[in-house]
Amino acid sequence: MRTNRKTRKNTEVNKRKGGRLLAAAKYFVFVALPLVLVAAAISIVSSAAKSVFHVRDVVITGNEHLTDDELKSMAGLGRDENLIKVSSRRISSKMMESPWIRSVAVRKEFPDRIFIRIKEAEPFALLDMKGKLFIVDDRGTMLEELKDIAVPFLPVISSNPYREKEAFLEAITLAKAIKDTGLLYRKDHIEIISHKPQEMSVNIDGLVVKVGAGEYEDKLARLAEIEEEIKNRNIAVDYIDLRFANRVLVSPVNEVIR
Numbered sequence: 069m070r071t072n073r074k075t076r077k078n079t080e081v082n083k084r085k086g087g088r089l090l091a092a093a094k095y096f097v098f099v100a101l102p103l104v105l106v107a108a109a110i111s112i113v114s115s116a117a118k119s120v121f122h123v124r125d126v127v128i129t130g131n132e133h134l135t136d137d138e139l140k141s142m143a144g145l146g147r148d149e150n151l152i153k154v155s156s157r158r159i160s161s162k163m164m165e166s167p168w169i170r171s172v173a174v175r176k177e178f179p180d181r182i183f184i185r186i187k188e189a190e191p192f193a194l195l196d197m198k199g200k201l202f203i204v205d206d207r208g209t210m211l212e213e214l215k216d217i218a219v220p221f222l223p224v225i226s227s228n229p230y231r232e233k234e235a236f237l238e239a240i241t242l243a244k245a246i247k248d249t250g251l252l253y254r255k256d257h258i259e260i261i262s263h264k265p266q267e268m269s270v271n272i273d274g275l276v277v278k279v280g281a282g283e284y285e286d287k288l289a290r291l292a293e294i295e296e297e298i299k300n301r302n303i304a305v306d307y308i309d310l311r312f313a314n315r316v317l318v319s320p321v322n323e324v325i326r
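All letters in the sequence shown, in the order written, are residues 69 to 326 by my numbering.
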């Protein structure tokens with residue numbers, strides 16, 4: 069009796085051990101092994117992709133003022149970039165850090181090409197601040213300091229956008245009106261002096277014109293009329309004052325030319 073009981077007990081223990089081994093084998097075959105195989109396959113495919121999809125060509129369009137090399141540097145693109153690893157969002161984000169860039173669109177083309185389309189800010193005026201010249205756009209954003217000897221023909225604004233922000237923005241608005249009326253293209257030198265909006269003036273080829281703030285199209289139209297009259301009458305003029313409504317003051321002439 070004791071021998072039979074012991075035999076049955078050993079048999080039950082062996083069955084339990086066998087069941088555990090079978091369960092472990094099933095887990096390995098149906099769970100662990102597939103996971104290992106999938107991970108290995110992903111690793112192999114990833115390694116193959118990294119070795120195959122090297123960026124060989126970066127095509128940039130829309131740039132007129134910045135070179136391709138400058139833009140690639142802004143984008144953070146090196147020589148050994150991989151098309152799969154390169155982030156289009158990161159490229160756009162890095163390029164938008166430059167004040168020259170208004171918008172960026174990035175597209176990947178497999179197996180080895182990146183297309184970047186940008187929209188640049190346009191040089192609009194030169195800011196003269198403490199003896200240094202800066203290129204600014206039509207929003208008043210400083211694009212870069214002008215260090216070249218050749219100075220582009222743009223209106224010059226003498227102001228300080230940090231301490232005289234309102235006056236500086238009024239100067240930008242006046243410069244837009246000067247450009248829209250065509251006055252910019254008929255003169256050799258235009259400098260807007262703007263430290264206080266109500267005292268803003270513009271030097272046009274040596275002629276000082278006091279403009280003040282607002283109603284720039286109307287004031288420039290009156291300036292065109294008075295310039296013609298001054299020319300016809302051969303008057304030597306020190307300055308013209310356009311700040312008063314419906315009239316123009318001319319100095320040093322004692323009379324007011326209407």
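Every residue, glycine too, gets a C-beta built ideally from N, C-alpha and C.
Between ILE182 and the set VAL172, ASN228 and LEU252, the nearest pair of CA atoms involves VAL172. By the neighbour-count criterion, in which 16 or more other beta carbons inside 10 Å mark a residue as buried, ILE261 falls on the buried side. The three-state reading of DSSP puts LYS255 in coil, since its state is none of H, G, I, E or B.
Annotated three-state conformation of SER319 is strand, per DSSP. When the five nearest sequence neighbours on each side are left out, the beta carbons in the same chain lying within less than 6 Å of the beta carbon of ILE159 are those of ALA143 and VAL174, in order along the chain. Annotation for ASP248: the continuous alpha helix (DSSP H) segment containing it runs 233-248.
If you draw a 10 Å sphere on the C-beta of TYR284, you find 16 or more other C-beta atoms in it, and that means buried. Here the alpha carbon of ASN150 sits roughly 52 Å from the alpha carbon of LEU251. Look at ASN150 here: in three-state DSSP terms it is strand. Around the beta carbon of GLU238, 16 or more other beta carbons sit within 10 angstroms, so the residue counts as buried.
Between the C-alpha atoms of ASP309 and GLN266 there is a straight-line separation of about 12 Å.
Within the segment 148-211, the runs of beta strand (DSSP E) at least 3 residues long that lie entirely inside it are, in chain order, 169-177, 181-188, 193-197 and 200-204. Selection ILE246, ALA193 and GLU177 evaluated against PHE221 yields ALA193 as nearest (Cα-Cα).
Annotated three-state conformation of LYS287 is helix, per DSSP. Per DSSP, the unbroken beta strand (DSSP E) holding ASP309 starts and ends at 307-309.
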